[in-house]
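A.B. asks:
In UniProt numbering, the protein residues as written are 1 to 403.
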């Protein structure tokens, strides 16, 4: 195949001069306005310019703007999108050094960064201008002086959805939270968790502009550097050697999910036309009582023996309540996110309705039992001591209930 033949495959003819996506003036008078070796593009959009057979060095035709890419789930999602050849635009706030590691998630030229502010509409408009998909992962576990829950989850989501619609973005994926649409009584705060309440309101805000938006409601996500396993394993969460939990963990049921499974569901929904307009409940394969989970974590970390670990009711743990109050007024980030709203969410049982889930998107769910030793290795007592075979008893697995 010579040089001119290669050009003809992209709708360009070698007839004195070249006119992309059309025919030259010499061809207009020719009865052969098209031939078998000429392919004319009828529209210019990224999906019509796919290249390669898949992988990081390919281009899938999807240009996705990922808001919240620097968070726990965002960096996993960017890596997964990069594997499929997705071109990513990553808006960020703060210093560039906070996001530079995401440059490695895609091939050369596939990952682009853009400074933005959630209150600046022009920066959001620039971020979504050339995208055909927007994924909104923006959220926060605690309120600050500049951004409260409503300003981030509701006003921010509405602003991103409105501008994306104005700029002609085709697909919008929004991350909500499990239990966000469930009424629950407050354990420490009147009215319950502000995080869950505003996450529920964010779904309505997005649907004002995208009735066919794809919404995910994940339960507590676990993985490396998460805010579930690490939250219960750091020493700041303990009160001396006791673990204070709402109602001592009794009667509260959780269905934690692996972050990689949620990300796989998001990526599959991005390419699945049948997922449009659906709300997916992203939950794990097993359901546990909170006290069983926390006891199991401490068995794996070898804190249940001489360490004398035990559970208590949070209402009768004054030292823990004091730490929560101090964290609520911490001008910086709350230490290990141990704040009053987080305790509120601990007290809420995961409620699952008859909605599509990750398995409906073709995701094989990961068992927490299969990875717990790896995830909690750094917290384990004498973690780097090379014990003899049988020196430590195998931690008993937790009891779980049928889902």
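Cβ atoms here follow ideal geometry from the backbone N, Cα and C, with glycine treated the same way.
Values in this document were obtained by computation on a predicted structure and should not be read as measured data.
Can you tell me whether DSSP reads residue 390 as helix, strand or coil?
C.D. replies: It is coil, neither helix nor strand.
A.B. asks: With 16 as the cutoff for other CB atoms within 10 Å, does residue 218 come out buried or exposed?
C.D. replies: With 16 or more other Cβ atoms within 10 Å, it is buried.
A.B. asks: Helix, strand or coil: how does DSSP classify residue 265 here?
C.D. replies: It is helical.
A.B. asks: Would you give the residue range spanned by the beta strand (DSSP E) that residue 63 belongs to?
C.D. replies: Residue 63 -> beta strand (DSSP E) spans 63 to 67.
A.B. asks: Does the beta-carbon of residue 332 have 16 or more other beta-carbons within 10 angstroms, so that it is buried, or is it exposed?
C.D. replies: By the 10 Å Cβ count, residue 332 comes out exposed.
A.B. asks: Would residue 277 be called buried (16 or more neighbouring beta carbons within 10 Å of its own) or exposed?
C.D. replies: Classification for residue 277: exposed.
A.B. asks: Near residue 107, which residues of its chain fall below 7 Å by C-beta distance, leaving aside the five closest residues on each side in sequence?
C.D. replies: Excluding sequence neighbours, residue 107 sits near 56, 57.
A.B. asks: May I have the straight-line CA-CA distance separating residue 287 from residue 204, to the nearest angstrom?
C.D. replies: If I take the Cα positions, the gap works out to 28 Å.
A.B. asks: Taking only three categories from DSSP, how would you classify residue 216?
C.D. replies: Residue state, collapsed to three classes: strand.
A.B. asks: When you compare the segment 247 to 261 with the segment 344 to 359, are there three or more beta-carbon pairs, one atom per stretch, that lie closer than 8 Å?
C.D. replies: Yes, since at least three Cβ pairs between the segment 247 to 261 and the segment 344 to 359 fall closer than 8 Å, the two stretches touch.
A.B. asks: For the alpha helix (DSSP H) containing residue 157, name the first residue and the last one.
C.D. replies: First-last of the alpha helix (DSSP H) with residue 157: 156 to 166.
A.B. asks: On the three-state DSSP scale, how would you describe residue 225?
C.D. replies: Three-state DSSP puts residue 225 in coil, outside helix and strand.
A.B. asks: Could you tell me the boundaries of the alpha helix (DSSP H) in which residue 125 lies?
C.D. replies: Segment 121 to 128, the alpha helix (DSSP H) holding residue 125.
A.B. asks: In or out: residue 110 buried (at least 16 other Cβ within 10 Å) or exposed?
C.D. replies: Residue 110 should be labelled buried.
A.B. asks: Taking the alpha helix (DSSP H) that residue 415 belongs to, which residues open and close that run?
C.D. replies: Outside the modelled stretch of the chain, which goes from 1 to 403, sits residue 415, for which no answer is possible.
A.B. asks: Looking only at DSSP bridge pairs, what is residue 254 linked to?
C.D. replies: BP columns for residue 254 point to 288.
A.B. asks: Is it buried or exposed for residue 183, if we count other Cβ within 10 angstroms and need 16 for buried?
C.D. replies: Exposed, since its Cβ has fewer than 16 Cβ neighbours within 10 Å.
A.B. asks: Do residue 90 and residue 72 have their beta-carbon atoms positioned less than 7 Å apart in this structure?
C.D. replies: Not a contact, by the Cβ cut-off of 7 Å.
A.B. asks: When we look at the beta-carbon of residue 375 and count the other beta-carbons within 10 Å, is it buried (16 or more) or exposed?
C.D. replies: It counts as buried.
A.B. asks: In terms of residues, what are the limits of the alpha helix (DSSP H) holding residue 375?
C.D. replies: Segment 372 to 375, the alpha helix (DSSP H) holding residue 375.
A.B. asks: Check for me: the beta strand (DSSP E) holding residue 113 runs from which residue to which?
C.D. replies: Element bounds for residue 113: 111 to 115.
A.B. asks: Along the beta strand (DSSP E) that carries residue 172, what are the first and last residues, could you check?
C.D. replies: Segment 171 to 175, the beta strand (DSSP E) holding residue 172.
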